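Participant:
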Amino acid sequence: MAKDKWWIIEGAPKPVYVYSSKDSRRRHMVFVLISVIVLASIYLIDIFSSELAILMLSLLIFGQIIDGIVSFYKRTPGETEKAVVRNLVKLLGKRVVVWSIPTRYIVAAIRIRGGVFIYVFVDKGRAMILVIKPVMFMGIAVKKHVTIKVKKTKIKHEKAEERIEAIAPYPENPRMWYKIVGKGVLVDASRADLNDIVSIANNL
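Under this note's numbering, the first residue of the sequence shown carries the number 6, and numbering increases by one thereafter.
1) With a threshold of 6 Å on Cβ separation, who are the neighbours of residue 170 within its own chain once the five nearest residues in sequence on each side are excluded?
2) Count the other C-beta atoms from every protein chain shown that fall within 10 angstroms of the C-beta of residue 20, then say buried if there are 16 or more, exposed otherwise.
3) Check the DSSP bridge columns for residue 193 and list the partner residues they point to.
4) Is it right to say residue 136 is buried, meaning 16 or more other beta carbons lie within 10 angstroms of its own, or is it exposed?
5) So, is residue 87 buried or exposed, given that buried needs 16 or more other C-beta atoms within 10 angstroms?
6) Could you check how far apart the C-beta atoms of residue 182 and residue 174 are, in whole angstroms? I think they sit under 8 Å.
7) Checking 9 Å against the spacing of the C-beta atoms, do residue 112 and residue 89 come in under that value?
8) Can you give me the Cβ contacts of residue 94 inside the same chain, cut-off strictly under 8 Å, excluding the 5 residues immediately before and after it?
9) Just to confirm the assignment, what range does the alpha helix (DSSP H) spanning residue 127 have?
10) For residue 139, which beta-bridge partners are listed by DSSP?
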């Protein structure tokens, strides 16, 4: 499997949208080129003004720190998250109606038969899985978020399912974010048995 085509999964449809990190890579290359030019300029300026050279060097270091921070937030999905998505989509198989990879933090937005949505996303450094059957759509979210926002409330007399309020992208059109209320579960992907996730999705 090609490294940049990890979302091609045997027995499952291809995602309708795949987030690309090309823009962030291009930005990083431009910054590297500018850094080389600035370093060369510092060498020449130092001949005439040490103070100005020190100032430019300080600005360059500051820029590198900022670039590092931005690169962290412009992350691509990690191998663990990719493995979770691959295995989950493979287990769901033909039940997958449509799915996409909306952002660097939302690794999968999946709609399966029965009107159930499944999201694999990163929150505070952890890979999470949200399984939800929408009961109500509360309109398009005015403001997009970095990752899915979830508010959950325990449902009386239910063992696992909870009332979920979420702001999330639509699987068919991940550039459209909406407010949703439904019944479902939110679990830590590192502790989840994917077979259990599929079972919950099938029974919601």
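The beta carbon of each residue, even a glycine, is placed where N, CA and C say it ideally should be.
Computed from a predicted structure; not experimentally measured.
Facilitator: In this structure, then:
1) As a working note, residue 170 is residue 165 in the sequence shown. For residue 170, same chain residues with a beta-carbon under 6 Å away, outside a window of 5 residues either side, are 156 and 186 in chain order.
2) Residue mapping note: residue 20 aligns to position 15 of the sequence shown, counting from 1. Burial check for residue 20: the Cβ neighbour count within 10 Å reaches 16 or more, so the residue is buried.
3) Position 188 of the sequence shown holds residue 193. DSSP lists 133 as the bridge partner or partners of residue 193.
4) On the sequence shown, position 131 is the one that residue 136 refers to. Buried, because 16 or more other Cβ atoms sit within 10 Å of the Cβ of residue 136.
5) Taking the sequence shown and counting its residues from 1, one reaches residue 87 at position 82. With a threshold of 16 other beta carbon atoms within 10 Å, residue 87 meets it and is buried.
6) Here residue 182 refers to the residue found at position 177 when the sequence shown is read from its first residue. Here residue 174 refers to the residue found at position 169 when the sequence shown is read from its first residue. Going by Cβ atoms, the distance from residue 182 to residue 174 rounds to 5 Å, so yes, they are a contact pair.
7) As a first step, residue 112 must be located in the sequence shown, where it is residue number 107. As a first step, residue 89 must be located in the sequence shown, where it is residue number 84. Going by C-beta atoms, residue 112 is nearer than 9 Å to residue 89.
8) Translated into the one-based positions of the sequence shown, residue 94 becomes position 89. Correct list, in chain order: 14, 17, 101, 104, 113 and 115.
9) Here residue 127 refers to the residue found at position 122 of the sequence shown. Where residue 127 is concerned, there is no enclosing alpha helix (DSSP H), although the beta strand (DSSP E) around it starts and stops at 121-128.
10) The residue you call residue 139 lines up with position 134 of the sequence shown. Beta-bridge pairing by DSSP links residue 139 to 187.
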